[in-house]
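When we follow my numbering, the leftmost residue of the sequence shown carries the number 26, and every step to the right adds one. See below for the structure under consideration.
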Amino acid sequence: MTRKTRGPFDWINFANKEMVKWAKQYFLEKGVLIQEPLNSTSFQQGLDIYKASYGNELLLVRNMKDAWRGVLQRKSNLSKNRVSITHSISSTHNRQLRKLASTKGTPINKTLESLIDGNYSKLQEEKLPKSNKNQQNTPENYSLINLNNVIIKKEKEINELKKRLGELENLNNELLNLIQRASSLLNKKEKKIYLQIKAKLTQLENQQG
Numbered sequence: 026m027t028r029k030t031r032g033p034f035d036w037i038n039f040a041n042k043e044m045v046k047w048a049k050q051y052f053l054e055k056g057v058l059i060q061e062p063l064n065s066t067s068f069q070q071g072l073d074i075y076k077a078s079y080g081n082e083l084l085l086v087r088n089m090k091d092a093w094r095g096v097l098q099r100k101s102n103l104s105k106n107r108v109s110i111t112h113s114i115s116s117t118h119n120r121q122l123r124k125l126a127s128t129k130g131t132p133i134n135k136t137l138e139s140l141i142d143g144n145y146s147k148l149q150e151e152k153l154p155k156s157n158k159n160q161q162n163t164p165e166n167y168s169l170i171n172l173n174n175v176i177i178k179k180e181k182e183i184n185e186l187k188k189r190l191g192e193l194e195n196l197n198n199e200l201l202n203l204i205q206r207a208s209s210l211l212n213k214k215e216k217k218i219y220l221q222i223k224a225k226l227t228q229l230e231n232q233q234g
């Protein structure tokens, strides 16, 4: 059985209009216009034209495949809220980055993200104390702190007054009981004074209650 030879454009899905349109544009940017209908035959003809003018048609096809993979990668990144970045770094840093990725057992892009996350978190932590300090020094916060201190102080004073009031009430009751027990020894005038004192003490007690 004879094995079918793969053509240079077997990787193109000609049912995919977007892909075919992109491939035609790619050739156009190289100075070759692909004629209708757009299929493997017309693209092969375009490749022959390119070969006749520039040569090295295999390199063109290889670069074309890589470019299409880049298109798909960008679309994938966009759907996942990711972006592709291109920045030149020194060969030393590139070697160190690859070593870090190898040690962590993660892809280079994940290693970069991890390094960025770590340093960004440290930056935020360094800014946080300063931010809190500035926030605490605002006039509004000073007013709230002072108000809270005043409330605490007044609550302590109220508790102390309640304690003293309780002691006075106990003394008052003891005094009334003592006077009542001694009332049998009083004369008429003294009993009158006793009843007046008792009435006033009772009135004060009711007012405090």
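All C-beta atoms in this analysis are idealised placements derived from N, C-alpha and C, irrespective of residue type, glycine included. Keep in mind it's a predicted model, so treat the numbers as computed, not measured.
Three or more C-beta pairs below 8 Å linking the segment 79 to 90 and the segment 108 to 126:
no
Which value, in whole angstroms, describes the spacing of the CA atoms of V108 and R123?
Answer to the nearest angstrom: the Cα atoms are 20 Å apart.
Can you give the Cα-Cα distance for Y51 and I110, rounded to whole angstroms?
22 Å
Y145 versus K135: straight-line alpha-carbon distance, rounded:
15 Å
DSSP three-state call for Y79: helix, strand or coil?
coil
According to DSSP, simplified to helix, strand and coil, what is V108?
coil
Just to confirm the assignment, what range does the alpha helix (DSSP H) spanning Q60 have?
Unbroken run through Q60: none, as it is neither H nor E.
Neighbourhood of T227 by C-beta distance below 6 Å, restricted to the same chain and skipping five residues each side:
none
Mark A48 as exposed unless 16 or more other C-beta atoms lie within 10 angstroms of its C-beta, in which case mark it buried.
buried
Kindly indicate which three-state DSSP category F68 falls into: helix, strand or coil?
helix
Roughly how many angstroms separate the alpha carbons of E151 and S101, rounded to a whole number?
Roughly 35 Å separates the two Cα atoms.
Residue range of the alpha helix (DSSP H) that A126 falls in?
116 to 129
Taking the CB atoms as reference points, tell me whether G71 and V57 lie closer together than 8 Å.
yes
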